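> Have a look at this one.
2 protein chains.
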Amino acid sequence: MNSPTFRNWQSVQDEVLRRIHAREWAPGELIPNEADLAQEFGCARSTVNRALRALAANGLLDRRRKAGTRVAAEPVAKATLDIALLRHEVEEKGATYGYHLIERTLAVPPVSVSAAMKTRIQDALLHIRALHLSDAAPYAFEDRWINIDQVLDARAETFQSVSANEWLLKHAPYTHGDIAFSAVQATPDQARILAVPNNSALFAIDRITWDDAHSVTKVRLVFAPGYQLRTSV
Amino acid sequence: MNSPTFRNWQSVQDEVLRRIHAREWAPGELIPNEADLAQEFGCARSTVNRALRALAANGLLDRRRKAGTRVAAEPVAKATLDIALLRHEVEEKGATYGYHLIERTLAVPPVSVSAAMKTRIQDALLHIRALHLSDAAPYAFEDRWINIDQVLDARAETFQSVSANEWLLKHAPYTHGDIAFSAVQATPDQARILAVPNNSALFAIDRITWDDAHSVTKVRLVFAPGYQLRTSV
DNA sequence: AATGATTTTATGTGCACACATAATAACCTG
DNA sequence: CAGGTTATTATGTGTGCACATAAAATCATT
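Residue numbers (our numbering), protein chains in the order written: chain A, 1 to 233; chain B, 1001 to 1233.
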C-alpha cells in the first residue's frame, strides 16, 4: 500500500497535487491528517506540513486547526505579479530603455491627490511627469506626486537622468503599497505625450506607497497601447 | 546587546523588516548569517530560516547558498492577486449577482484561438458567450472556448443557470494557467452587450488554463468601465 | 599564471520531539 | 434538554540536531 516513499517536501507536494488534479481528493473534501500522510509517505510530519502549507499558500487547500485540511472547493487562483522597474521591463524584452523628464514642479496638488495621500490640502508636493521609452517609442507615461516631507532628499534631485520610478526605490523606504489596475481613455494630454489617438484605451497602474501611516508617493502609469501585464497560476 | 529575544518567526520577520526599512541593512547589503542572527535573537536557526525564507519569497531578500543573504537591491514588488469567481467578486461588494447566457455553440474556432490553445485547427470547440451582472447592470462579458476533448462533461452542460466560469472550476482540473491583463477598445459587439459607447476603454483579462500540455479553456473577460483590479504589496 | 581539485561555509532541508492553539466533540449539571 | 465546562484532536510552531548542496575560497598541479 505504501507508495515508493517520498523523501522531500516537494515530492510530497507533487503527490498531493496529483491527487487533487486526479480528483482522488475532490474539491471540498477532507484529506487525511498530517500524521497519517506522514506515515503513508514514509516521512516526518513536518515534511508533510511544509508541503501542505505551501499548497495552502497557493490557495489549493484550506486548512483549519482541528477541523483538518480540505481541498479548496472554489480555489481562488492566486496570481503573483512582479511589479518591476520600467527600465527592467523594457530591457527584459531586449529593447533599449529611454527616459525623458517632462516636468518637475513643486505644487499644491488637486484635492483628490492630497486626499488619497492623506496630506494637508495646502501642502505642496513634488510633481513629476515623465515619459519612459522602449526603443525610442513611447512606452509609459508617469504622473507622480512625491511627499517631500517623507522623502527629504527628493528636493535636491532633478530627476533629469534617473527616473523617479528608479530613484525612489533606492531612497524612499516604504512599508506597504496599494495598487490598482484599470483601463482608461487617453486624455488629450496623455494622447499627445504617448503619440496615440485621443480616447485610446490605455492600461493604467495606480499606486500609492506608504511608510507606516505616511504616504510616500502616488503615481499613475499609463502605458502605450498593446501593453499587457502577464502572469501565471 | 541582545534585543528582548524573539520567540517566534513572525517577530523575527518583523524585526528584519524593521531593519530593512530603517536602512540599518541597506539595499544590496549582506546581512548576518542565520546562525549569528539566531544567536542574537535568542532563537533556533530554523526559526530565523523560516523568517528569512518568507521575506525572500516576498522579494525583499536575495538568498544564495554559501553567498549568504542580502537585502534586495531593487526589490521587485510581488503583488498577489486573487482571481476569484466573478460571482464572488460581485457579492463581495454587496451587490446582487446575475448571469445571462448569450450563446452556446459547438464551432471551429478562429485560427488565433486554436493556435493559442494548441488544438488542431479543424477541431470544434465549445463556444460560450455570457454576461455577468452586478445589480442587474452589465459587469463583465465572458467570451470563452472550451476544449471538449479535455472537459468531456461540458458537452452535456447547458450553462444556462451556472456560468462556465463557475462550472469549470468544479469540473475541469487544471495544472496551470496563463493570465494577461490589458486595456482594449470595446468592439461594437462588446459595446452593445455591455451597453457602453463604441470604443470605450475596457479592462480585459485573458486566460488560458492547461492540464499538463493540453489546453482546457481560453477565456476573455471584458469588464464594464470603472472596473479596477486591486491589490497591495 | 592558468587550470583543476579540494576545502570551507551558508543556506536548504529532513527528523524527532515538544508544546501552543483553535475548534470540535463529549461530557456534565441544573 | 439547554447551556456551559472539559477533553480531544489537528494544525501551528519552536528546538536541536543531522546531513545535503551549492558556491565561493583555497590550495595544488602543471
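All C-beta atoms, glycine included, are put in the ideal place defined by N, C-alpha and C. These figures come from a predicted structure and were not determined experimentally.
Ignoring anything shorter than 3 residues, give me the beta strand (DSSP E) runs that lie fully in the region 1146-1195 of chain B, in order along the chain.
You should have 1176-1185.
> Against chain A, with Cβ distances strictly below 8 angstroms, would B:Glu1074 count as a contact?
To locate residue 1074 of chain B, count along the second sequence from 1; it is residue 74. For B:Glu1074, the answer is yes, since a Cβ of chain A falls inside 8 angstroms of its Cβ.
> Determine, using beta carbons only, whether A:Gln122 and A:Leu55 come nearer to each other than 8 angstroms.
Here residue 122 of chain A refers to the residue found at position 122 of the first sequence. Here residue 55 of chain A refers to the residue found at position 55 of the first sequence. Cβ atoms of A:Gln122 and A:Leu55: not closer than 8 angstroms.
> Using 10 angstroms around the beta-carbon of B:Ala1035, count the other beta-carbons present and answer buried if the total reaches 16, otherwise exposed.
The sequence position of residue 1035 of chain B within the second sequence is 35, counting from 1. Answer is exposed; the Cβ neighbour count stays below 16.
> Compute the Euclidean distance between the alpha carbons of A:Gly98 and B:Pro1138, then round it to the nearest angstrom.
Here residue 98 of chain A refers to the residue found at position 98 when the first sequence is read from its first residue. Here residue 1138 of chain B refers to the residue found at position 138 when the second sequence is read from its first residue. Each residue's Cα considered, the two are about 40 angstroms apart.
> Please decide whether B:Lys1093 counts as near chain A, where near means a Cβ-Cβ distance under 8 angstroms.
Locating residue 1093 of chain B in the second sequence gives position 93, where the first residue counts as 1. It does not: the Cβ of B:Lys1093 has no partner Cβ on chain A nearer than 8 angstroms.
> What residues in its chain sit with their C-beta under 8 angstroms from that of B:Ile1148, if we drop five residues either side in the sequence?
As a first step, residue 1148 of chain B must be located in the second sequence, where it is residue number 148. Excluding positions up to five away in sequence, the list reads Leu1106, Ala1124, Leu1125, Leu1126, Ala1154 and Arg1155.
> Under three-state DSSP, which class holds A:Ala79?
The count along the first sequence starts at 1 and reaches residue 79 of chain A at position 79. If DSSP states are grouped into helix, strand and coil, A:Ala79 belongs with the strands.
> On a CA-only basis, which of B:His1176, B:Ile1193, B:Arg1007 and B:Ala1116 is nearest B:Leu1133? Give me that one, please.
Along the second sequence, one-based indexing puts residue 1133 of chain B at 133. Of the candidates B:His1176, B:Ile1193, B:Arg1007 and B:Ala1116, the one whose C-alpha sits nearest the C-alpha of B:Leu1133 is B:Ile1193.
> What is the residue span of the alpha helix (DSSP H) that B:Trp1009 lies within?
Taking the first residue of the second sequence as 1, we reach residue 1009 of chain B at position 9. Note, B:Trp1009: alpha helix (DSSP H), Trp1009 to His1021.
> For A:Asn8, count neighbouring Cβ atoms within 10 angstroms of its own Cβ and tell me buried if that reaches 16, exposed if not.
The count along the first sequence starts at 1 and reaches residue 8 of chain A at position 8. By the neighbour-count rule (16 or more Cβ atoms within 10 Å), A:Asn8 is not buried but exposed.
> Can you round the beta-carbon distance between B:Trp1145 and B:Val1113 to whole angstroms, since I take them to be within the 8 angstroms contact cut?
Residue numbering aside, residue 1145 of chain B sits at position 145 when the second sequence is read from its first letter. Residue numbering aside, residue 1113 of chain B sits at position 113 when the second sequence is read from its first letter. The pair is a contact, with the Cβ atoms about 5 angstroms apart (cut-off 8 angstroms).
> Where in the region 70-146 of chain A do unbroken runs of the beta strand (DSSP E), each at least 3 residues long, occur, reported from the N-terminal end onward?
Complete beta strand (DSSP E) runs here, min 3: 77-83, 97-107, 125-134 and 137-146.
> Cβ of A:Ser182 less than 8 angstroms from any chain B Cβ?
As a first step, residue 182 of chain A is located in the first sequence; it is residue number 182 there, counting from the start. At least one chain B Cβ lies under 8 angstroms of A:Ser182.
> For A:Lys170, go through chain B and note every residue whose CB falls closer than 9 angstroms to its CB, in chain order.
Looking up residue 170 of chain A in the first sequence gives position 170. Result: Pro1027, Ala1073 and Glu1074.
> Could you tell me if A:Gly59 is buried or exposed, where buried requires 16 or more neighbouring beta carbons within 10 angstroms of its beta carbon?
Here residue 59 of chain A corresponds to residue number 59 of the first sequence, with the count starting at 1. By the 10 Å Cβ count, A:Gly59 comes out buried.
> Give the range of the beta strand (DSSP E) segment to which A:Phe296 is assigned.
Nothing about residue 296 of chain A can be read from this structure; chain A reaches only from 1 to 233.
> What are the boundary residues of the alpha helix (DSSP H) that A:Ser46 is part of?
Position 46 of the first sequence, counted from the first residue, corresponds to residue 46 of chain A. Segment Arg45 to Ala57, the alpha helix (DSSP H) holding A:Ser46.
> In chain A, what lies closer than 9 angstroms to B:Ile1083 by C-beta?
Against the second sequence, residue 1083 of chain B aligns to sequence position 83. What B:Ile1083 touches in chain A: Val76, Ala77, Lys78, Ala79 and Val233.
> At the level of alpha carbons, what is the spacing between B:Thr1096 and B:Gln1010?
The residue labelled residue 1096 of chain B in the question sits at position 96 within the second sequence. The residue labelled residue 1010 of chain B in the question sits at position 10 within the second sequence. Using only the alpha carbons, I get a separation of about 39 angstroms.
> Tell me which residues of the region 176-207 of chain A have at least one Cβ-Cβ distance to chain B shorter than 7 angstroms, keeping chain order.
Of all residues in the region 176-207 of chain A, His176, Gly177, Asp178, Ile179, Ala180, Phe181, Ser182, Ala183, Val184, Gln185, Asn199, Ala201, Leu202 and Phe203 have a Cβ within less than 7 angstroms of some Cβ in chain B.
> Please list, in chain order, the chain B residues whose beta carbon lies closer than 8 angstroms to that of A:His21.
Position 21 of the first sequence holds residue 21 of chain A. Simply Pro1173, Tyr1174, Thr1175 and Asp1211.
> When you compare the CB positions of B:Thr1231 and B:Thr1080, do they come within less than 8 angstroms of one another, or not?
Residue 1231 of chain B sits at position 231 when you count from the first residue of the second sequence. Residue 1080 of chain B sits at position 80 when you count from the first residue of the second sequence. Contact flag set, yes.
> Which bits of chain A does B:Tyr1227 rub up against, with CB to CB less than 7 angstroms?
Locating residue 1227 of chain B in the second sequence gives position 227, where the first residue counts as 1. Here the neighbours are Ser182.
> Note down the Cα distance separating A:Ser206 from A:Val184, rounded to an integer number of angstroms.
Taking the first residue of the first sequence as 1, we reach residue 206 of chain A at position 206. Taking the first residue of the first sequence as 1, we reach residue 184 of chain A at position 184. Looking at the sequence itself, residue 206 of chain A is Asp, so the reference to Ser does not match. When rounded, the distance between both Cα atoms is 11 angstroms.
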